[in-house]
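Residues 1 to 298 (UniProt numbering) are what the sequence shown spells out, left to right.
Contents: one structure, followed by commentary.
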Amino acid sequence: MPSQLTDAEWSQLLSRIEGGECTPFLGPGVSLGRLPLPGDLAMRWADEHQYPLEDRWNLPRVAQYLELEKGSRWLREELAKALADAAAPEPDGDALQLLADIPFHTYITTGHDDLLAQALRAAVVRRDERTTPRRPRLDFCRWHETLRSAAMPTPFEADPHYQPSADEPFVFHLLGQAAFPQSLVLTETDHYDLFVATARHPGLVPPPVQRALRGGPLLFIGQPLTDANFRALARSLGGADYRGLQDGTLSVHVRPEGNDAALRYLERHFGEQHIKLYWGTPREFLQELRERWLRDHV
1 MPSQLTDAEW SQLLSRIEGG ECTPFLGPGV SLGRLPLPGD LAMRWADEHQ
51 YPLEDRWNLP RVAQYLELEK GSRWLREELA KALADAAAPE PDGDALQLLA
101 DIPFHTYITT GHDDLLAQAL RAAVVRRDER TTPRRPRLDF CRWHETLRSA
151 AMPTPFEADP HYQPSADEPF VFHLLGQAAF PQSLVLTETD HYDLFVATAR
201 HPGLVPPPVQ RALRGGPLLF IGQPLTDANF RALARSLGGA DYRGLQDGTL
251 SVHVRPEGND AALRYLERHF GEQHIKLYWG TPREFLQELR ERWLRDHV
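Next comes the structure, spelled out in structure tokens:
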């Protein structure tokens with residue numbers, strides 16, 4: 001598929017990456033093929049446990065039902081099992097491996113898994129003749145009191161001098177990290193509690209993430225911007241909608257084949273909010289981005 005970005009747009013994007021000014025916002029689609037999508041997981045759980053309502057694709061609502069029926073611990077253990085079954089990356093590089101080769105400073109993800117951290121630890125930063133291993137620092141949102149009262153300092157509290165960089169990037173798990181089951185935002189109630197907590201306590205979101213969400217530019221990869229839960233989260237954290245984002249914000253979407261009306265609507269809708277759409281898979285976009293980065297900066 002030919003790129004829909006002009007050479008000038010690619011050049012602007014590469015320049016902002018080099019300056020540490022562009023932040024990837026990763027959704028479940030970036031791990032497609034390795035982990036089940038939320039809707040697929042919801043449908044599977046709904047079938048296995050006789051979910052009684054029609055919205056069987058809605059993971060927060062299916063999770064709400066399962067928490068009531070089987071308890072919070074069971075629900076989190078089931079999610080851990082689903083994440084543990086992650087498929088191996090493709091031999092020629094999956095989307096996360098391609099992403100890890102590009103020296104972003106900060107990553108925001110709605111995923112609970114540690115696949116991005118694994119990919120970053122396996123990657124290096126290339127400078128002239130030298131390569132430097134990447135050493136990511138991870139954190140999650142302390143969205144309820146138990147997490148805030150626990151003796152778990154954030155990377156910025158543990159090291160007041162820490163600034164995200166290409167060598168030591170920062171990965172922020174907005175919806176929790178699987179290694180800390182209490183941090184997981186799974187049910188519909190969990191999502192509401194997250195919205196309220198971050199609105200009341202903006203400091204729960206670290207400064208580099210706040211700057212990215214309120215100014216951008218952002219790279220939405222594998223994140224369906226039409227998803228209602230995500231749109232509510234974006235408004236809660238960003239303070240309004242996407243209109244405050246800098247020009248250069250980009251969202252990667254699979255092209256709706258055979259549905260020109262949907263294509264025109266999405267381009268108009270997001271164009272009004274200064275979001276450029278790239279029609280392709282996360283892997284296609286990141287493959288081209290990585291090739292251009294290595295060609296121009298190595």
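C-beta: ideal position from N, C-alpha, C; glycine also.
Every value quoted in this text rests on a predicted model; they were computed, and no experiment measured them.
Residue range of the unbroken beta strand (DSSP E) whose run includes S251: Reading the sequence shown from its first residue, position 251 is the one you call residue 251. Unbroken beta strand (DSSP E) run through S251: L250 to H253.
Cβ pair P207, A166 closer than 7 Å: Here the question's residue 207 lines up with position 207 in the sequence shown. Here the question's residue 166 lines up with position 166 in the sequence shown. Their beta carbons are not under 7 Å apart, which means P207 does not touch A166 by this criterion.
Specify the secondary structure class of W74 as computed by DSSP and reduced to three states. Position 74 of the sequence shown, counted from the start, is the residue given in the question as residue 74. DSSP places W74 in helix when its eight states are reduced to three.
Is L245 helix, strand or coil by DSSP? Stepping through the sequence shown from its first residue, residue 245 is reached at position 245. Confidence is the limiting factor: at L245 the pLDDT is only 48, short of 50, which leaves the residue's position unreliable and the question unanswerable from this model.
Buried or exposed for L13, going by 16 or more other Cβ atoms inside 10 Å? Indexing the sequence shown from 1 puts residue 13 at position 13. Looking at its Cβ environment, which holds 16 or more other Cβ atoms inside 10 Å, L13 is buried.
How far does the beta strand (DSSP E) with R130 in it reach, from first residue to last? Sequence index remark: in the sequence shown, residue 130 carries index 130 (1-based). Looking at the DSSP string, the run of the beta strand (DSSP E) that includes R130 is R130 to P133.
Under 7 Å, do P24 and I275 count as touching if we go by C-beta distance? Counting from 1 along the sequence shown, the entry for residue 24 is found at position 24. Counting from 1 along the sequence shown, the entry for residue 275 is found at position 275. No, they are not a contact pair.
Cα separation between V254 and P202? As a working note, residue 254 is residue 254 in the sequence shown. As a working note, residue 202 is residue 202 in the sequence shown. Taking the straight line from one Cα to the other gives about 33 Å.
With distances taken Cα to Cα, identify the nearest neighbour of L96 among L218, G33 and E188. Working through the sequence shown from its first residue, we reach residue 96 at position 96. When each option's Cα is compared against that of L96, the closest is G33.
Leaving out the 5 sequence neighbours to the left and right, which residues in its chain are closer than 8 Å to P36 when beta-carbon positions are compared? Within the sequence shown, residue 36 is the residue found at index 36, counting from 1. Taken in chain order, the residues that qualify are R44 and A82.
Less than 7 Å between the C-beta atoms of D193 and F172, yes or no? Looking up residue 193 in the sequence shown gives position 193. Looking up residue 172 in the sequence shown gives position 172. For D193 and F172, no; Cβs fall outside 7 Å.
If you reduce the DSSP assignment to three classes, tell me which class T187 lands in. Counted from its first residue, the sequence shown places residue 187 at position 187. Looking at T187 - three-state DSSP - the assignment turns out to be coil, as it is neither helix nor strand.
What are the partner residues of K81, as DSSP defines its beta bridges? One-based indexing of the sequence shown puts residue 81 at position 81. BP columns for K81 are empty, so no partner.
Cβ-Cβ distance between T249 and P282 below 7 Å: To locate residue 249, count along the sequence shown from 1; it is residue 249. To locate residue 282, count along the sequence shown from 1; it is residue 282. It is not a contact, given that the beta carbons lie outside the stated cut-off.
Could you compute how far the alpha carbon of Y242 sits from the alpha carbon of R126? Numbered from its first residue, the sequence shown carries residue 242 at position 242. Numbered from its first residue, the sequence shown carries residue 126 at position 126. Here Y242 scores only 49 on pLDDT, less than 50, and its place in the model should not be relied on; the value that follows carries that caveat. Spanning the two alpha carbons is a distance of roughly 33 Å.
D139, DSSP secondary structure in three states: For the purposes of this step, residue 139 is taken as residue 139 along the sequence shown, with counting starting at 1. Residue state, collapsed to three classes: strand.
Once the 5 residues before and after H112 are set aside, which same chain residues still bring their CB inside 8 Å of it? Taking the sequence shown and counting its residues from 1, one reaches residue 112 at position 112. Around H112: L79, L83, H173, L175, G176, Q177, A178 and L184.
Which residues in the same chain have their Cβ closer than 6 Å to the Cβ of D101, if we skip the five residues on either side of it in sequence? Here the question's residue 101 lines up with position 101 in the sequence shown. Closer than 6 Å at the Cβ level, and outside the excluded window around D101, lie A123 and R290.
Tell me, which residues are paired with P24 by DSSP? One-based indexing of the sequence shown puts residue 24 at position 24. According to DSSP, which records beta bridges pairwise, P24 is partnered with L219.
What is the DSSP secondary structure of V30, reduced to helix, strand or coil? Position 30 of the sequence shown, counting from 1, holds the residue named residue 30. The answer is helix: DSSP assigns V30 an H, G or I state.
Report, in whole angstroms, the separation of the C-beta atoms of P136 and R148, which I expect to be a contact under 8 Å. Residue 136 sits at position 136 when you count from the first residue of the sequence shown. Residue 148 sits at position 148 when you count from the first residue of the sequence shown. That belief does not hold up - the Cβ atoms of P136 and R148 are roughly 23 Å apart, past 8 Å.
Spatial distance of L186 from G93 (CA atoms): The sequence position of residue 186 within the sequence shown is 186, counting from 1. The sequence position of residue 93 within the sequence shown is 93, counting from 1. One C-alpha to the other measures close to 29 Å.
Just mark A240 as buried or exposed, buried being the case when its beta carbon has 16 or more other beta carbons within 10 Å. Residue 240 sits at position 240 when you count from the first residue of the sequence shown. In this predicted model, A240 has a pLDDT of only 47, less than 50, meaning its place in the structure is not dependable enough to derive any value.
Entirely within the stretch 253 to 298 and at least 3 residues each: give me those beta strand (DSSP E) ranges in chain order. 276 to 279
Check V205 in the structure and name its three-state DSSP category. Walking along the sequence shown from the start, residue 205 turns up at place 205. In this structure, V205 counts as coil in the three-state DSSP scheme.
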